[in-house]
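Structure, as structure tokens:
Protein chains in written order, with the working numbering: chain A, 1 to 443; chain B, 1 to 551.
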């Protein structure tokens with residue numbers, strides 16, 4: 001018998017948002033995932049909409065306005081299904097959840113912030129972790145970009161030079177910190193754990209301080225502490241006397257780890273069970289209802305029944321969508337119909353950085369106005385299954401810089417819907433409706 | 001115009017050209033080499049990495065087979081560090097004619113190629129992944145070679161003997177004076193200036209492009225550009241070079257190269273050695289053929305596909321693209337006796353395995369024309385880097401980076417260290433692809449996903465160029481890798497490509513980096529090659545916002 005009302009498949013940003021939405025609506029939630037998703041790879045910011053249309057030269061300044069325009073212009077886009085109000089509702093819920101865990105995010109749908117990237121471009125992003133916030137002010141005053149000598153994943157001179165090429169006042173310095181130099185291998189996660197050590201942090205402070213005079217802020221790679229992150233940032237800022245900000249690094253992403261941990265703690269406090277390493281490989285259906293999903297174990301397929309399900313397995317990167325040499329494209333967890341280019345010839349463009357992106361990355365599951373997967377003819381496949389995040393068709397999240405926005409908005413909405421919070425397609429706050437009664441007793 | 005003079009001018013910086021330059025310089029000739037791109041940019045850098053025993057040609061092309069085994073022995077002596085002594089097997093699979101094995105064995109014996117029949121059980125003990133239904137197997141001294149390192153070592157030796165090597169110098173005109181080639185005019189593509197090179201003898205070692213160089217001197221040399229496609233798989237499925245024991249055909253050789261293995265090749269004539277695509281059917285065919293040797297082959301992850309264009313020379317035109325019929329032996333053309341144009345030699349045809357012998361024959365002719373009587377010594381003197389007198393071993397790079405304090409790795413896939421990348425940058429790399437050719441940067445599964453950014457950062461750090469140059473270097477390198485990914489993007493490798501998009505688009509917004517409208521000498525080439533390959537959406541690059549930022 002079912003021990004949960006809602007099973008969420010996937011533990012990336014969409015899956016965790018779905019769990020949050022369902023749990024807030026009072027449902028008992030279990031999250032099953034093969035792995036941890038893309039949170040640990042991406043920058044750790046919440047990008048809602050950076051460019052629209054995706055190939056536009058200029059960044060979106062006011063996402064609220066442009067998301068509203070997008071809803072009108074692109075009915076197949078996931079944002080059109082949740083509306084501006086749905087995006088805002090999800091961002092608010094997300095903000096409350098992470099803040100409750102001591103990981104504050106700043107910003108709103110009113111304005112994008114332009115954050116320096118590790119290449120020195122500026123990327124439009126909507127919600128920014130507190131530790132990155134000072135980076136949004138690079139247009140004013142002088143910014144120093146500092147990197148650690150002897151490490152591979154951050155080049156402060158390259159960042160500063162590209163900032164200068166955009167007319168900004170920026171300089172750079174390499175910090176020589178013996179404890180950092182001595183460490184191999186040096187992924188961002190290793191370095192962040194190193195900076196948790198007060199002795200190492202003091203070394204870093206000694207290296208940074210001489211360069212702090214005459215600058216308005218200092219940017220460092222996003223390794224400012226792992227377990228003791230907020231404390232590390234506070235100590236560093238106090239010691240150098242100017243605001244300090246993190247710049248994302250190559251994966252793995254420390255801000256992504258922190259984000260995942262904050263959401264995981266928050267959900268755990270709401271009795272959401274998250275099982276990583278439980279890959280859903282099978283769907284158990286009864287007519288037009290899904291009664292259970294099956295996860296692979298060593299000896300058999302284990303059934304997980306629930307009243308409703310959220311599919312948040314990601315796209316091609318997350319592993320929710322697989323592609324084959326014969327040109328077929330499939331949704332792997334539940335075997336749902338997929339919308340994709342007809343043949344391999346139509347998947348990719350000769351130019352890697354073509355502003356319109358590659359058609360295959362827009363492949364995914366199509367859904368109705370309530371986020372329920374549909375067939376090519378528009379028929380709902382299962383009345384109690386909702387899909388969210390990168391598994392959805394119709395958008396290229398990295399090109400339009402909407403990854404976390406789409407994931408949170410559709411995830412949160414799908415979670416609420418799965419918990420029985422019925423919502424009008426494209427509308428904001430849902431109205432309380434029938435809580436699940438049937439509990440998929442086929443387990 | 002800048003002027004350079006020499007006894008011998010060599011055109012072409014592949015295996016053959018650098019081999020000629022080394023040989024000539026070792027014989028005391030004042031030698032200049034011009035390469036229009038980077039060393040190894042042409043066919044040498046796009047080959048199979050196979051040190052032939054000659055077994056492949058023993059039945060149908062015994063002249064070439066004899067050349068191969070002779071050179072096989074010499075290269076093992078002078079450049080063991082460029083060779084992994086994998087050995088080779090010729091396998092009669094269940095799809096092949098068992099009687100061909102007898103012809104093969106007899107032909108190897110006749111050519112002096114050590115060849116021993118082993119039992120199917122013995123072959124399977126050696127290579128357990130082979131199809132167990134195999135009927136017969138023969139052991140030969142094939143090996144896995146690293147043509148990149150070999151050319152660089154050859155060039156280093158040439159320089160040590162006084163040769164001057166100019167990269168990114170494209171020959172635009174051959175200077176004829178009274179029926180004699182007195183040199184060439186070249187364009188320095190980096191500094192955008194013309195250079196006049198005067199030489200007593202000019203050697204055309206331009207490979208698949210040799211016909212074009214000869215034409216500049218008014219001579220007709222019919223090169224058959226025969227495209228061969230190869231696919232790298234993300235596993236070392238075999239540790240031995242495995243050949244199908246049958247008449248040479250498509251996709252019948254599997255070579256273990258470093259951490260991966262490479263299946264190849266096809267052989268089809270293309271109209272232009274510069275502009276060819278990799279067709280979907282070619283990749284599919286190679287994977288199907290690989291499946292016949294190693295069951296489960298198609299389930300392995302294809303990393304990349306590429307093609308090299310063989311400079312086949314048949315003397316006369318071949319009919320209908322049947323390039324398998326053209327001998328793999330080499331030809332030296334003396335345009336004085338052939339066309340009445342003195343001072344010009346063309347060396348063409350051949351195999352990578354025979355490049356040293358091709359150089360020797362060429363420089364013998366050069367010496368005769370110059371009245372110099374100095375014997376060739378390239379077969380006696382080991383190349384720089386071979387001091388340990390030992391073969392390359394697959395675990396050596398790992399041992400090197402793990403020895404003592406771990407090195408700083410820029411490319412984890414290929415274990416390329418920061419020192420190696422900085423050395424390549426300081427040596428004058430024009431593109432990050434040049435760094436790749438001398439270090440293997442970006443040749444592993446992620447195809448520059450992680451190391452592209454790092455290399456661009458290091459390039460900026462070392463050179464302090466205008467930042468737009470570093471931005472362009474990054475974009476060029478990613479596009480260069482993309483053209484080889486396009487034919488094999490599905491499944492896990494497409495997933496990898498999407499991770500690279502997360503990095504460059506999602507984290508870095510790198511598509512918005514300013515290149516200031518710049519182009520490198522290869523920017524257009526990378527895009528054009530991608531456009532020629534299958535599986536690009538046929539759509540002109542017009543319309544849409546923000547086009548111009550792609551420079």
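Don't be surprised by glycine CBs; every beta carbon is placed ideally from N, CA and C.
This structure is a prediction, so every number in the text was calculated from the model and none was measured.
Interface residues of chain B facing residue i [CB-CB closer than 8 Å]
i, result
"residue 161 of chain A", "460, 467, 470"
"residue 445 of chain A", "Since the first residue of chain A shown is 1 and the last is 443, residue 445 of chain A is not available in this structure."
"residue 79 of chain A", "What residue 79 of chain A touches in chain B: nothing, since even the nearest Cβ is about 18 Å away."
Contact set between residue i and chain E, taken where Cβ atoms lie within less than 9 Å
i, result
"residue 41 of chain A", "Although the question refers to chain E, the structure presented lacks it and instead comprises the protein chains A and B."
Pick from the options that is closest to residue i, judged by C-alpha positions
i, options, result
"residue 490 of chain B", "A:361, A:389, A:52, A:368", "A:361"
"residue 419 of chain A", "A:10, A:88, A:29, A:183", "A:29"
"residue 449 of chain B", "B:505, B:400, B:195", "B:505"
"residue 155 of chain A", "B:521, B:487, B:532, B:452", "B:452"
"residue 148 of chain B", "B:408, B:97, B:447, B:79", "B:79"
"residue 35 of chain B", "B:264, B:16, B:513", "B:16"
"residue 283 of chain A", "A:410, A:344, A:336", "A:336"
"residue 331 of chain A", "A:344, A:346, A:315", "A:315"
"residue 526 of chain B", "A:378, A:388, A:352", "A:352"
"residue 28 of chain B", "B:249, B:377, B:99", "B:377"
"residue 267 of chain B", "B:239, B:328, B:466", "B:328"
"residue 5 of chain A", "A:38, A:304, A:358", "A:304"
"residue 308 of chain A", "A:293, A:278, A:358, A:256", "A:293"
"residue 179 of chain B", "B:419, B:219, B:208, B:309", "B:219"
"residue 259 of chain B", "B:513, B:97, B:443", "B:443"
"residue 466 of chain B", "B:202, B:513, B:508", "B:513"
"residue 314 of chain B", "B:496, B:333, B:304", "B:333"
Interface partners of residue i on chain A, CB under 7 Å
i, result
"residue 482 of chain B", "352"
"residue 433 of chain B", "Result: empty, since nearest Cβ-Cβ is about 14 Å, beyond 7 Å."
Where residue i meets chain B, residues with beta-carbon distance less than 9 Å
i, result
"residue 323 of chain A", "489, 490, 491, 494, 495"
"residue 165 of chain A", "466, 467, 468, 471, 513, 514, 516"
Cross-strand partners of residue i (DSSP beta bridge)
i, result
"residue 166 of chain B", "B:34"
"residue 364 of chain A", "A:339"
"residue 261 of chain B", "B:233, B:256"
"residue 243 of chain B", "B:90, B:253"
"residue 286 of chain A", "A:289"
"residue 352 of chain B", "Answer is none; residue 352 of chain B lacks a bridge partner."
Element boundaries [alpha helix (DSSP H), containing residue i]
i, result
"residue 148 of chain B", "147-160"
"residue 104 of chain B", "100-111"
"residue 335 of chain B", "335-339"
"residue 291 of chain B", "280-293"
"residue 347 of chain A", "Per DSSP, residue 347 of chain A belongs to no alpha helix (DSSP H) and is neither H nor E."
"residue 114 of chain A", "From DSSP, residue 114 of chain A is part of no alpha helix (DSSP H) but of the beta strand (DSSP E) over 113-116."
"residue 124 of chain A", "Where residue 124 of chain A is concerned, there is no enclosing alpha helix (DSSP H), although the beta strand (DSSP E) it sits in stretches over 122-125."
"residue 257 of chain A", "254-269"
"residue 94 of chain A", "78-100"
"residue 525 of chain B", "523-532"
Within chain A, partners of residue i - CB distance below 9 Å
i, result
"residue 447 of chain B", "Simply none; closest approach about 11 Å."
Contact test: residue i Cβ vs the ligand NAD heavy atom, cutoff 7 Å
i, result
"residue 238 of chain A", "Absent from the structure shown: the ligand NAD. Ligands present: none."
Contacts that residue i makes with chain B (C-beta to C-beta distance below 7 Å)
i, result
"residue 157 of chain A", "460, 461"
"residue 444 of chain A", "This structure leaves residue 444 of chain A out entirely; chain A is present only between 1 and 443."
For residue i, the first and last residue of its enclosing beta strand (DSSP E)
i, result
"residue 2 of chain B", "2-11"
"residue 309 of chain A", "308-311"
"residue 382 of chain A", "First-last for residue 382 of chain A: undefined, no H or E at that position."
"residue 471 of chain B", "That residue, residue 471 of chain B, is in no beta strand (DSSP E); its alpha helix (DSSP H) goes 467-485."
"residue 303 of chain A", "301-305"
"residue 183 of chain B", "180-188"
task = Give, in chain order, every residue of the stretch 377-392 of chain B whose Cβ lies closer than 7 Å to some Cβ of chain A.
result = none
ask   = Which residues, taken in chain order from the stretch 292-318 of chain A, show a beta carbon closer than 8 Å to some beta carbon of chain B?
value = Of all residues in the stretch 292-318 of chain A, 315, 316, 317 have a Cβ within less than 8 Å of some Cβ in chain B.
task = With 8 Å as the limit, tell me which residues of the stretch 264-284 of chain B have their beta carbon closer than that to any beta carbon of chain A; keep them in chain order.
result = 280, 284
Contacting positions in the stretch 411-441 of chain B - beta carbon closer than 9 Å to chain A = 412, 418
request  = Residues of the stretch 47-63 of chain A with a CB closer than 7 Å to any CB of chain B: list them in chain order, please.
outcome  = 53, 55, 56, 57
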